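Okay, so here's the structure we're looking at.
Residue numbers (this note's numbering): 561 to 714.
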């Protein structure tokens with residue numbers, strides 16, 4: 561991405577410009593979050609009907625896109641989040657099994673409900689969640705790491 565990519569006004573050759581229908585957050589997030597999820601899942605995910613996909617931080621920026629793209633591919637999607645409100649939001653987007661990690665132990669849920677493991681993990685949290693995700697992978701499962709938000713200092 562070039563300097564000034566998110567400027568309100570800039571001059572670029574028409575051949576590299578991306579038209580945006582309007583300046584709404586839901587359109588603007590497509591460029592970074594949507595593209596990250598799309599390319600990651602398309603190039604690395606090997607998504608197909610019936611695959612089980614675990615999306616960590618599923619209510620977050622790229623997580624929402626990863627969850628919806630996985631559903632579009634007719635996958636069974638498990639999404640982690642941090643509140644009941646986010647869990648309800650994920651359900652409204654079609655998430656098959658939201659897991660509020662503050663009220664449910666993620667590792668236990670995954671072992672009990674998905675004993676054969678998950679086929680794809682879209683991981684952006686890191687730390688303990690990364691370990692749980694790796695443990696949840698099925699044989700020949702795919703792990704896509706797009707970030708480690710838990711490693712940032714606040």
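Think of the CB as a built atom: it goes at the ideal place given N, C-alpha and C, for glycine as much as any other residue. Bear in mind that the values here come from a model prediction, so they are computed numbers and not experimental data.
Min CB distance residue i to chain C below 8 Å
i: residue 647; result: No chain C is part of this structure, which consists of one protein chain only.
Beta carbon of residue i nearer than 8 Å to that of residue j
i: residue 601; j: residue 619; result: no
i: residue 611; j: residue 638; result: no
i: residue 684; j: residue 594; result: no
i: residue 632; j: residue 609; result: no
i: residue 591; j: residue 570; result: no
i: residue 667; j: residue 692; result: yes
i: residue 652; j: residue 660; result: no
i: residue 673; j: residue 657; result: yes
i: residue 617; j: residue 709; result: yes
i: residue 671; j: residue 643; result: no
Element boundaries [beta strand (DSSP E), containing residue i]
i: residue 706; result: Premise fails: residue 706 is in no beta strand (DSSP E) and is neither H nor E.
i: residue 584; result: Neither: residue 584 is in no beta strand (DSSP E) and is coded neither H nor E.
i: residue 612; result: 612 to 615
i: residue 641; result: 636 to 641
i: residue 659; result: 657 to 660
Extent of the continuous alpha helix (DSSP H) to which residue i belongs
i: residue 668; result: 666 to 673
i: residue 679; result: Where residue 679 is concerned, there is no enclosing alpha helix (DSSP H), although the beta strand (DSSP E) it sits in stretches over 678 to 683.
i: residue 621; result: 621 to 632
i: residue 646; result: 644 to 652
Three-state class that DSSP yields for residue i in the structure shown
i: residue 691; result: helix
i: residue 596; result: helix
i: residue 606; result: coil
i: residue 700; result: strand
i: residue 567; result: coil
i: residue 618; result: coil
Exposure of residue i, with buried meaning 16 or more beta-carbon neighbours within 10 Å
i: residue 597; result: buried
i: residue 630; result: buried
i: residue 583; result: exposed
i: residue 615; result: buried
i: residue 576; result: exposed
* To do: Determine, using beta-carbon pairs with one atom in the stretch 603 to 610 and one in the stretch 639 to 649, whether at least three such pairs fall under 8 Å.
  => no
* **At least 3 beta-carbon pairs within less than 8 Å: the stretch 694 to 713 vs the stretch 674 to 682** => yes
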